[in-house]
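Notes follow once the structure below has been shown.
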Amino acid sequence: MVLVRQEIGDVLRDFRLQKGRTLRQVAGEASVALGYLSEVERGQKEASSEILAAVADALDTPLSVIYGEVSDRLAVVEGLSVPLASRVPDTVPADLVSGYASELMAR
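Numbered by my numbering, the letters in the sequence shown go through residues -9 to 97 in order.
Pasting the structure below:
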């Protein structure tokens, strides 16, 4: 069984490490207790939307990008393979979609 909180924690940790930030730095900037953020990253606690938004802000990463990565990982675990372009609304400019897709491929 897939736990969404585990995937969210993994994504938050991956983004934090990619940015070369410590848990202490991100927790301080997000005004979240260090121990609590550690539990969120390990998938032991489920963070509220307010906490997730504060952590995303501390990581200088849009919350939509974090949720998008979680969604992509869940799709892989569930055995789904849906092209990015088919999931993006038509109202999003094509250059934004291709730029985001390129960023995902670079990871």
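A virtual CB, placed ideally from N, CA and C, is assigned to each residue, including glycine.
- By the neighbour-count definition (other C-beta atoms within 10 Å, threshold 16), Val16 is a buried residue.
- The residues Leu53, Ile56, in chain order, have a CB closer than 6 Å to that of Ala46 in the same chain once the five nearest residues on each side in sequence are set aside.
- If you draw a 10 Å sphere on the C-beta of Ala48, you find 16 or more other C-beta atoms in it, and that means buried.
- If you look at Ser28, you'll find it in the alpha helix (DSSP H) that goes 24 to 31.
- DSSP places Arg6 inside the alpha helix (DSSP H), whose first and last residues are -6 to 8.
- By the Cβ criterion, the segment -5 to 9 is in contact with the segment 32 to 46, since at least three pairs of Cβ atoms, one from each stretch, lie closer than 8 Å.
- Looking at the backbone, the Cα of Arg11 and that of Ser28 are separated by about 13 Å.
- Collapsing the DSSP output to three states places Glu36 in coil.
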